[in-house]
Amino acid sequence: MKSPQTSRLRLVGIVALYLGATAPLVCAVPCDSCGQAIRGDYFALSDSAYCSEDCLSAALPQCAACNRPMRGTMLRSATDTFCSRKCFNTSLPACELCGARSTVSVSIGDHVYCRQHGRAERCDSCRLPFVDGSHLNDGRNLCSTCKKAAVMSRDAAEKLFARAIRETTLVTGLASDSTPRLHLVGVDALTGGTAADSNSNSDMYESGRYYRHARKTIHKNLFGVTVKEKEQVTKSISILYGLAPDRFLATASHELTHDLLAEFYPRSTGAPAWLHEGICQYVAAEVCRRNQLSNAVARIATHNGAVYGNGFRYFMHRFGVKNWAGVDAFLRNTDLAELPETAPSHYAATN
Ligand SMILES: [Zn+2]
Ligand SMILES: [Zn+2]
Ligand SMILES: [Zn+2]
Ligand SMILES: [Zn+2]
Ligand SMILES: [Zn+2]
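This note's numbering puts the first residue of the sequence shown at 326, with every later residue one more than the last.
This is how it looks when you write it as structure tokens:
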């Protein structure tokens, strides 16, 4: 989607206009501009005749940059004609970072850069080249714009996390008795847990993980008979620091949905990954839609991974928006063990 494209703007032709030397005329001809009869000297341009300098100027092509009538040599780009090199240069795209205009430019999505900045280091959040930015401890780069908005502090993260808990409950009608603990982590700490779509290019790194660990403690009496059995579950959610707020909210809602699946649909434990990730993305998209985060919704909908992307599209296609009731009935009534290992491929991304 955002792969760089190098485009070259160049002169496609140089057109010469010759101003005819004024010449005496025996019989009158009409001026090609104003129609008056011309006697005596006139201006000749190609096969046309003009009575005055003004009439000639009106007929001359105008420079696309300075609007002056052009005489003599003109420069032509693919779409426009210019009076001079200087005017031609103003038609070249300006680099978003340095403002330089050159005939060779690099475009990434809707953004245009000079050749040098097209190759500059990229921000791991917006994926665009940058000159002003920060290197995070885990090796990620954030441009200054993304850094300003990024969720860096525990405080900011907890606030958004609490909002994600409320929002997932509003979407699903479910609330877990015990909320997983939130950990803000670097990319290096996101290991274990559920595997992501490794071959997907929609996201350069995973942004969160849900961890659940159940430990059974059995108390026996002196005769070896079990008197008490207790299962202790520890749950936590790790989310990357430095995410944009909309991505944080989507990630938190996604991971919290893993928790709801584990708590309320224990039968889903053995279901294929695309079911889990698809449903978590479905809820995350609903949360983002409720909060008018259209970019985040689009990111989820166009994810090209076979697990997250196709999984999401399966549930979206089957149940449509605002239909947790449908997903709930599906989870209760479907033999989840019978589901295919991979999401049906006709739910692949179409973009
Ligand atoms: Zn005239
Ligand atoms: Zn000009
Ligand atoms: Zn530049
Ligand atoms: Zn950025
Ligand atoms: Zn997940």
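Beta carbons: idealized from backbone N, C-alpha and C, even for Gly.
Min CB distance residue i to chain D below 9 Å
i	result
residue 540	This model lacks chain D altogether, as it is built from one protein chain only.
Beta-carbon proximity check, residue i vs residue j, cutoff 9 Å
i	j	result
residue 558	residue 544	no
residue 600	residue 636	yes
residue 464	residue 454	no
residue 507	residue 475	no
residue 605	residue 588	no
residue 582	residue 497	yes
residue 462	residue 533	no
residue 357	residue 373	yes
residue 428	residue 417	yes
residue 370	residue 353	no
residue 499	residue 592	no
Proximity winner among the options, relative to residue i (alpha-carbon distances)
i	options	result
residue 387	458, 627, 590, 406	406
residue 361	376, 368, 371	376
residue 642	500, 485, 671	671
residue 390	593, 460, 402, 380	402
residue 654	590, 513, 602, 456	590
residue 292	552, 556, 577	Nothing about residue 292 can be reported from this structure: the residues present for the chain run from 326 to 676 only.
residue 531	418, 611, 568, 546	568
residue 467	452, 485, 448, 480	448
residue 536	478, 359, 515	515
residue 450	459, 471, 458, 437	471
residue 678	548, 541, 456, 479	Since the first and last residues shown for the chain are 326 and 676, residue 678 lies out of range.
residue 473	585, 458, 487	458
residue 656	603, 441, 426, 368	603
residue 668	644, 630, 645	630
residue 409	446, 393, 549	393
residue 566	592, 445, 479	479
residue 607	513, 398, 646	646
residue 488	666, 552, 609	609
residue 644	439, 484, 611, 419	611
residue 469	509, 422, 484	422
residue 486	368, 666, 561	561
residue 441	420, 649, 477	420
Contact belief for residue i with residue j at Cβ below 8 Å, rounded distance in angstroms
i	j	result
residue 632	residue 640	Contact doesn't hold; Cβ gap of about 13 Å is too wide.
residue 664	residue 598	Not confirmed; about 11 Å, so no contact.
residue 501	residue 585	6 Å
residue 456	residue 445	6 Å
Distance cut-off 8 Å: residue i Cβ against heavy atoms of ligand 6
i	result
residue 508	Because ligand 6 does not appear in the structure shown, any question about it cannot be addressed here, the ligands present being ligand 1, ligand 2, ligand 3, ligand 4 and ligand 5.
Touching by the beta-carbon criterion (3+ pairs, under 8 Å), the stretch 613–632 and the stretch 567–578: yes
contact_flag[the stretch 431–447, the stretch 408–416] where n(CB pairs < 8 Å) is 3 or more: Proximity of the stretch 431–447 to the stretch 408–416 falls short of the contact definition, fewer than three beta-carbon pairs being nearer than 8 Å.
Segment contact, 8 Å Cβ cut-off, at least three pairs: the stretch 480–497 with the stretch 607–620: Because the criterion of three Cβ pairs below 8 Å is met, the stretch 480–497 and the stretch 607–620 touch.
Whose beta carbon lies closer than 7 Å to any heavy atom of ligand 4, going through the chain in order? Every residue passing the under-7 Å Cβ criterion appears here: 448, 450, 451, 453, 455, 467, 468, 470, 471.
Specify which residues have a beta carbon nearer than 6 Å to any heavy atom of ligand 3, listing them in chain order. Listed by chain position, these are 420, 422, 423, 425, 438, 439, 441, 442.
Could you name the residues whose beta carbon sits closer than 6 Å to any heavy atom belonging to ligand 1, keeping them in chain order? 356, 358, 359, 361, 375, 376, 377, 380
Quick check on the contact list: which residues have their beta carbon closer than 6 Å to a heavy atom of ligand 2? 388, 390, 391, 393, 407, 408, 409, 412
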